[in-house]
């Protein structure tokens, strides 16, 4: 039970970091498209 | 007929205010011990004096106002609003004694800026500040970000039935767990797990950039506290620009985004309900709003032809945008660059991001994404009502941990708080203009203070008028508490004067 909680929390942290990274990536794509006037 | 407050009301308010003050005083032992450990004797004494003053104040209040009664809604709200003002004064004592602030008002300004997780500063010669004082600056952000009442309930004050009323008074109306004490402890658990995780990453990044290991991890911990609690203080005067590190910038963007998420969302995702991060109205609104306002900012930067590479648009434009949207206030450009390089359109994008803010039940300020999402959904619902035949029944729902029916009461509540924030932004801008600043800059700084952001176009400095400092202090306080407890305090004073 305790192992499952820790595993879920670790996956949760990974999910949240992935969410943040998606926003960062999209921010970079928008920066890129503006710089090259796409 | 308004009833005049009874002596018993004042006793209950005073007693709980005393208890919370002592709880805050105990947190000063952390920088005090760090000072003693590093041989910073004078700073350690500053904190000992602060602890002494806090304990005397708290014990006097507790003994004069001793009661065993629990606070009701009105008393709980007043305790919250007053405890933030008391915390400001208590937190300012060691800051002022350090000699880095020109006056006690300036120290109070920075203290309120820290507790409300704003990040506007009036500090002098920050680069030569002791480790103990620097830790305290960031610790007050950590305490204020979670909530002073959350700290008191989680660690120092035994659970009492009025705790939920105070929890709501701090601008958090969402309970994660059925018990407020457990909710407070979960909020602290998330923060401490992330503190350890991100301090290690930021510390290693600092070492890679050539910093000494102790300094790297100290800066890592401070930067984490300021980023996750969306505060915006840094140990160096040049803010994040000091590090000149792309790794540092990407890591802090990630931490700021995590800090802007609802603690209840953290709970759901950590407990295995990971899909909630793509279903929740707030997470979706943040995703869309961040890209939309960055589009406006990037358009402005593109028109101004300011940055000459993609990476610079990203590191300067997108960084400032996320810092504004999460209400953190980290800067990778100089304050002067906002005024001299950025054009009006890019500043409008940043102001819009600051005004929207992060999630409810997070450490962010401003209107909040839940309310923006609700208003947007209500707008769509009304348009559908007009377009569809009169006999059609238009039902709108939104996902916020469960499917919720969009009712008029929910829309009304969201609109009222949004309106209150817009009025607060406008009032601050008006005072800024009265003090002689141009409209756009006055609006920028006012929104930054009221939305607890901390980005600055240079108006905030030790030389600005005292009246403007007081205005920003009130804005930071009211903005952080989301008005309800502030309005209750005003009502209490009116009742004391006009009541029968």
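Chains as they are written, first to last, in my numbering: chain A, 1 to 38; chain B, 39 to 538. Backbone N, C-alpha and C fix where the C-beta goes; we use that ideal spot for every residue, glycine too.
Residues near residue i in its chain [Cβ-Cβ closer than 7 Å; skip 5 each side]
i                     : result
residue 5 (chain B)   : A query on residue 5 (chain B) cannot be resolved here, the shown segment of chain B reaching from 39 to 538 and no further.
residue 495 (chain B) : 373, 376, 377, 479, 482 and 483
residue 278 (chain B) : 272, 286, 287, 290, 368, 369 and 370
residue 293 (chain B) : 236, 262, 265 and 266
residue 331 (chain B) : 359, 363, 387, 390 and 391
residue 456 (chain B) : 405, 409 and 413
residue 317 (chain B) : 437
residue 509 (chain B) : 466 and 469
DSSP state of residue i mapped onto helix, strand, coil
i                     : result
residue 278 (chain B) : helix
residue 287 (chain B) : helix
residue 436 (chain B) : strand
residue 1 (chain A)   : coil
residue 118 (chain B) : helix
residue 478 (chain B) : helix
residue 296 (chain B) : helix
residue 392 (chain B) : helix
residue 381 (chain B) : coil
residue 158 (chain B) : coil
residue 35 (chain B)  : No information on residue 35 (chain B) is available, as it lies outside the stretch 39 to 538 that chain B covers here.
residue 144 (chain B) : helix
residue 312 (chain B) : coil
residue 110 (chain B) : coil
residue 513 (chain B) : helix
residue 371 (chain B) : coil
residue 459 (chain B) : helix
residue 345 (chain B) : coil
residue 66 (chain B)  : coil
residue 530 (chain B) : helix
residue 405 (chain B) : coil
residue 61 (chain B)  : helix
residue 473 (chain B) : coil
residue 17 (chain A)  : helix
residue 431 (chain B) : coil
residue 267 (chain B) : coil
residue 490 (chain B) : coil
residue 137 (chain B) : coil
Contacts around residue i, its chain only, beta-carbon distance under 8 Å, and the 5 residues preceding and following it disregarded
i                     : result
residue 412 (chain B) : 319, 436, 444, 448, 449 and 452
residue 507 (chain B) : 143, 144, 147 and 160
residue 138 (chain B) : 161, 162, 163, 164, 167 and 171
residue 43 (chain B)  : 530, 533, 534 and 537
residue 60 (chain B)  : 92, 93, 96, 97, 100 and 194
residue 87 (chain B)  : 131, 132 and 135
residue 355 (chain B) : 332, 335, 336, 339, 345 and 384
residue 41 (chain B)  : 533, 537 and 538
residue 328 (chain B) : 359, 360, 363 and 391
Per DSSP, cross-strand counterpart(s) of residue i
i                     : result
residue 442 (chain B) : B:436
Segment limits, alpha helix (DSSP H) that includes residue i
i                     : result
residue 175 (chain B) : 169 to 184
residue 498 (chain B) : Residue 498 (chain B) -> no alpha helix (DSSP H), and no H or E assigned at all.
residue 42 (chain B)  : First-last for residue 42 (chain B): undefined, no H or E at that position.
residue 244 (chain B) : 218 to 246
residue 306 (chain B) : 301 to 308
residue 335 (chain B) : 319 to 342
residue 249 (chain B) : Run containing residue 249 (chain B): none; DSSP gives neither H nor E here.
residue 7 (chain B)   : Absent from the structure is residue 7 (chain B), since the part of chain B shown begins at 39 and ends at 538.
residue 359 (chain B) : 357 to 363
Cβ-based neighbour list, residue i, same chain, cut-off 6 Å, excluding 5 preceding and 5 following
i                     : result
residue 186 (chain B) : 121 and 125
residue 527 (chain B) : 116 and 119
residue 408 (chain B) : 320 and 398
residue 217 (chain B) : none
residue 416 (chain B) : 449
residue 461 (chain B) : none
residue 107 (chain B) : 50
Cβ separation of residue i and residue j, assumed to be a contact under 8 Å, to the nearest whole Å
i                     : j                     : result
residue 133 (chain B) : residue 171 (chain B) : 7 Å
residue 488 (chain B) : residue 470 (chain B) : At roughly 11 Å, the Cβ-Cβ gap does not stay under 8 Å, so residue 488 (chain B) and residue 470 (chain B) are not in contact.
residue 149 (chain B) : residue 130 (chain B) : 4 Å
residue 554 (chain B) : residue 156 (chain B) : Because chain B is modelled from 39 through 538, residue 554 (chain B) falls outside the range shown and cannot be assessed.
residue 283 (chain B) : residue 243 (chain B) : 6 Å
residue 179 (chain B) : residue 189 (chain B) : Wrong, their Cβ atoms sit about 12 Å apart, outside the cutoff.
residue 307 (chain B) : residue 295 (chain B) : About 13 Å; that fails the 8 Å criterion.
residue 141 (chain B) : residue 515 (chain B) : Their Cβ separation, rounded to whole angstroms, is 19 Å, which puts residue 141 (chain B) and residue 515 (chain B) out of contact at 8 Å.
residue 324 (chain B) : residue 214 (chain B) : Contact doesn't hold; Cβ gap of about 19 Å is too wide.
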